[in-house]
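Residue numbers (the UniProt record's numbering): 1 to 483.
Each remark here refers to the structure printed beneath this line.
Below, the structure is given as structure tokens:
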């Protein structure tokens, strides 16, 4: 019997040691790793996205007017063109819409990197320091207590809201491009960020008078201190008085103490969680429908091309057909050389913009999915926390179970902070343009690389013109402007 009792006690002690060791690892060693990764990653993301937005907004008006002129000539002078003025306006509108939409996304992602840095430094850094030492920035003075708490909540609320807005913009861009063009310009971006900043600042303003330093109890009964001989214990009493511990706590009514954590969780994770889930479902449904439509369209096109090839030889062998194509080619070869070349590049850039927009959509899907995955444990634990505490109170070993609950809370908290540190990895893995910008930052010949890229574009233009001089139009298109 005694042997069984000693064995059970030994197992409990080992479990307690394991939980203590795991708690120390989670509190002391993992936070600095997340802080380091988050700092470096978000700084790189901020720099790269600012470069991308600067590039996007530096529009060349001469080039824009040149393309508009070419398009106008093509519409009005091409003998077999079926395009009209409304199609031209629609084409230019779509081009402008795609450019401004990408700019808005880049700006929101740059602000997201900045807010993620704020969450890491005002949240995780302070928590890590408080685990290592008694001194923290929040507990050093009343003003630091109020400021640190205010900025921690402000940056966390802004971060989750920016993810929701970027996903919402992509959804609007997919389902209503006209409305997206109105919402994705530079002025709309500034207004949105400013309104978010004002709204969350007002919402968190109460922390400046509800947060304060509260003296912690020393653990020594006050009546015991009063009964001590003052002559004998004056040095001890002075030491206790000088080393009082303070903690930055919520000083408000009971109703606000209960309501504010609920409001915070609703704004930070619960409401964004459900909104992003719905948005992602709608985007995935649209992508699947578009893919099915494209597959059906390409299948129909292949069938029609096969049927045309079966009927083509009898027409090709006629002298009338050969002479018609010969005369048409001679009459229009020189007049449409530059026109075909520029239109070829024009439509190729349009397809490139569509591909870039699609890649950004997938990148934002991954960002939102990581937000859902890493904040889901926080949501579940917060919703079930009261029930878990009741179960622990009724368990056989409440003290040890509360230790494991504390470990679970630390794990979910670290996962939440990890969400603010790894977006760079998603950007790098899903965006070729982001990778290229990142590589250029470490390239000694970054400027030479850009010059080589411009020279490659010039060589490509010359190749297009040489090909078109020989009567070949639309190298990347199977059909010509005469079809």
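For each residue, glycine too, the CB sits at the ideal point set by N, CA and C.
Since this is a predicted model, take the numbers as computed values, not measurements.
In whole angstroms, what is the alpha-carbon distance linking residue 177 and residue 102? Rounded to the nearest angstrom, the two C-alpha atoms are 13 Å apart.
Got a sec, what are the start and stop residues for the alpha helix (DSSP H) residue 137 sits in? For residue 137, there is no enclosing alpha helix (DSSP H), as DSSP gives it neither H nor E.
Determine the direct distance from the alpha carbon of residue 26 to that of residue 20, and round the result to whole angstroms. 10 Å
Minimum C-alpha distance to residue 157 - residue among 387, 39, 428, 265: 265
Cα-Cα separation, residue 49 to residue 107: 7 Å
Report yes or no: do three or more beta-carbon pairs, one from the segment 273–290 and one from the segment 252–264, lie closer than 8 Å? no
C-beta contact flag for residue 421 and residue 38 at 8 Å: yes
At what residues does the beta strand (DSSP E) containing residue 213 begin and finish? 211–215
Count Cβ pairs between the segment 382–398 and the segment 127–136 that sit closer than 8 Å; are there 3 or more? These segments do not touch.
Please report the Cβ distance between residue 208 and residue 146, rounded to the nearest whole angstrom; I am assuming they are in contact, meaning their Cβ atoms lie under 8 Å. 5 Å
Pairwise C-alpha distance: residue 378 and residue 370: 13 Å
According to the Cβ coordinates, are residue 119 and residue 159 closer than 8 Å? yes
Do residue 110 and residue 42 have their C-beta atoms closer together than 8 Å? Not a contact, by the Cβ cut-off of 8 Å.
Comparing alpha-carbon positions, which option in 53, 126, 151, 152 lies nearest residue 140? 126
Spatial distance of residue 169 from residue 434 (CA atoms): Each residue's alpha carbon lies about 20 Å from the other.
Quick check on the DSSP output: the alpha helix (DSSP H) that includes residue 424 runs from which residue to which? For residue 424, the enclosing alpha helix (DSSP H) stretches over residues 423–430.
Is the beta carbon of residue 419 less than 8 Å from the beta carbon of residue 361? no
I need the DSSP call for residue 127, collapsed to helix, strand or coil. helix
I believe residue 210 touches residue 154 by the beta-carbon criterion, under 8 Å. Please report the beta-carbon distance rounded to the nearest angstrom. The beta-carbon separation of residue 210 and residue 154, rounded to 15 Å, does not stay under the 8 Å limit for a contact.
Can you list, in chain order, the residues of its chain with a C-beta nearer than 6 Å to that of residue 395? Leave out the 5 residues immediately preceding and following it. 401
Contact under 8 Å by Cβ, residue 437 with residue 51: yes
Pair within 8 Å by beta-carbon distance, residue 166 and residue 364: yes
Cβ shell of residue 174 (< 6 Å), same chain only, five flanking positions each side left out: 286
Report yes if the C-beta distance between residue 358 and residue 431 is below 8 Å; otherwise report no. no
Figure out for me which residue from 260, 121, 443, 193 has the closest Cα to the Cα of residue 163. 193
Relative to the C-alpha of residue 416, which candidate in 380, 393, 197, 280 has its C-alpha closest? A check of alpha carbon separations from residue 416 across 380, 393, 197, 280 identifies 380 as the nearest.
Opposite residue 250 in the DSSP bridges: which residues? Its beta-bridge partners are 211.
Can you give me the C-alpha to C-alpha distance between residue 171 and residue 279, rounded to a whole angstrom? 7 Å
Would you list, in sequence order, the uninterrupted alpha helix (DSSP H) runs of no fewer than 4 residues that lie entirely inside the segment 135–199? 142–175, 177–183
Determine whether the beta carbon atoms of residue 246 and residue 214 lie at a separation below 8 Å. yes
So for residue 396, helix, strand or coil by DSSP? coil
With the cut-off set at 8 Å, would you say residue 273 and residue 372 are in Cβ contact? Pairing residue 273 with residue 372 gives a Cβ-Cβ distance under 8 Å.
Going along the chain, which residues of its own chain have a beta-carbon closer than 7 Å to the beta-carbon of residue 367, five neighbours each way excluded? 163, 423, 426
Can you tell which of 443, 115, 261 has its C-alpha closest to the C-alpha of residue 382? The candidate whose alpha carbon is nearest that of residue 382 is 261.
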